Amino acid sequence: MVSGGASAWQWIDLENPSEAELLAVAAEFGLHRTSVVDSLQPEHLPKYEAIGATAFMITRVFDSGADREADTIQELTNKVGIFYAEGYIITIHRGSSLLIQDIQEKYVATGLVNSTSELLLKLVKAIFKTYESPAHKLAEELDFYEAKTFLNQKMPPLIKGLYHLKRKATVCRRVLRLSEVVIDSMGQAGFQATAVQDLRDLYIHLQTQLEEVNEGTNNLINTYLSLSSQKTNEVMRVLTLFSAFFLPLTFIAGIYGMNFEFMPELRKTYGYPGALLAMGVVALAIYLWFRKKNWL
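If you count the sequence shown from 1, you need to add 1 to reach this note's numbering.
This is how it looks when you write it as structure tokens:
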């Protein structure tokens, strides 16, 4: 618990509280039971509720330690529930939070925040900022996949990586879009206009960056599939050309490979060279015809 001293406000941070502990705090501050139950459920999406003089919001912090192949909201983000009133802020989260520690050391311990409204603005901004580094890394990954797609002669198997890239960008965009209600509600609640506008600018910047990654990934997937199809068509074209050359030659060889007793050409002195010559003439004729059609 952190106290605001002369300004008479409190910040109570609950890390992985039991239901009994949370209900005790709820009873002390008169928190709505439904909101308390919501704060215990880890899968809840961002929202904002005003219940009397208390505001309750659910936010989601990007988890920098998430697995590389994580691509769902629950895997990529951690929930932080916040109860806010003029005299107190209660934050609820599962597991330790570097973000909470950083806010406490940087702003509360140094006396840079003097009210719960200032603290809430710092908290919400810090939560949004957790998406800055992931958005930048996703853009770098997109550049990497573009280089792999266009600069490699061989087509590496990139679809799985592109899928996870697209999923991460989509998840981050969805969480931020749902979190916009927090900014809107804070603006309507009379928070400092410049600070709320700063939050909105950060939100727009992140959404724009993630949207560019999402669109770029979609375009790259389509391009990759087109290039893969083109490579397949080139292989089929080469195989078809080989078949066109060898089919008539195989036909000639098949005729003279039959073991009938009465085949005059087999007994002639120049029968074998004649068959080879016929094969050569047919192959040359096919080659010249393909060149005329610009197929070679």
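Even for Gly, the Cβ is constructed at its ideal location relative to N, Cα and C.
As the structure is a computational prediction, the values presented were derived from the model and not from experiment.
Check	Outcome
Can you tell me the Cβ-Cβ gap for E50 and S40, rounded? I've got them flagged as a contact below 8 Å.	Actually they do not touch by this definition, with Cβ atoms about 11 Å apart.
Assess contact between the region 16 to 26 and the region 82 to 101, defined as three or more Cβ pairs (one per stretch) separated by less than 8 Å. Is contact present?	yes
With distances taken from CA atoms, which of V183, T111, I101, V182 is nearest N79?	I101
Beta strand (DSSP E) containing N79: first to last residue?	78 to 86
Compare the beta carbon distance of V109 and V81 with 8 Å and say whether it is the shorter of the two.	no
Inspect the beta-carbon positions of V114 and L200 and report whether they are closer than 8 Å.	no
Which of the three DSSP states is assigned to M264 in this structure?	coil
Taking all protein chains shown into account, decide if R238 is buried (16 or more other Cβ within 10 angstroms of its Cβ) or exposed.	exposed
Where does Q11 fall in DSSP's three states?	strand
What would DSSP say about H33, mapped onto helix, strand or coil?	coil
Can you give me the C-alpha to C-alpha distance between E291 and A245, rounded to a whole angstrom?	What sits at residue 291 in the sequence shown is Phe, not Glu. Each residue's Cα considered, the two are about 10 Å apart.
For L143 and chain D, any beta-carbon pair shorter than 8 Å?	Absent from the structure: chain D. Only one protein chain is present.
Provide the residue(s) that pair with F63 in DSSP beta bridges, ordered along the chain.	T78
Which residues mark the beginning and the end of the beta strand (DSSP E) in which A51 is found?	48 to 52
Can you check which of these residues, E87, T171, K138, S65, is closest to I128 by C-alpha distance?	S65
Between the Cα of Q210 and the Cα atoms of T73, L139, S118, V26, which residue gives the shortest distance?	L139
Can the beta-carbon of F30 be found closer than 8 Å to that of L122?	no
Taking the CB atoms as reference points, tell me whether Q208 and R174 lie closer together than 8 Å.	yes
On the three-state DSSP scale, how would you describe F192?	coil
Where does N219 land, buried or exposed, given buried means 16+ other C-beta within 10 angstroms?	exposed
Count the other CB atoms, across all protein chains shown, that sit within 10 Å of the CB of E262; report buried if there are 16 or more and exposed otherwise.	exposed
Using CA atoms only, rank isn't needed, just tell me which of R178, L177, E142 is closest to G162.	E142
Compare the Cα-Cα distances from F151 to each of Y288, A254, A54, N223 and report the closest residue.	N223
With a cut-off of 8 Å, do at least 3 Cβ pairs link the region 248 to 266 to the region 277 to 295?	yes
Sorted by chain position, which residues of the same chain lie with C-beta nearer than 6 Å to H33's C-beta, five sequence neighbours on each side aside?	I52
Quick check on L177: buried or exposed, where buried means 16 or more other Cβ atoms within 10 Å of its Cβ?	buried
Could you give the first and the last residue of the continuous alpha helix (DSSP H) run that contains H137?	133 to 152
Just curious, the alpha helix (DSSP H) that Y108 is in, first and last residue?	No alpha helix (DSSP H) contains Y108, which DSSP labels as neither H nor E.
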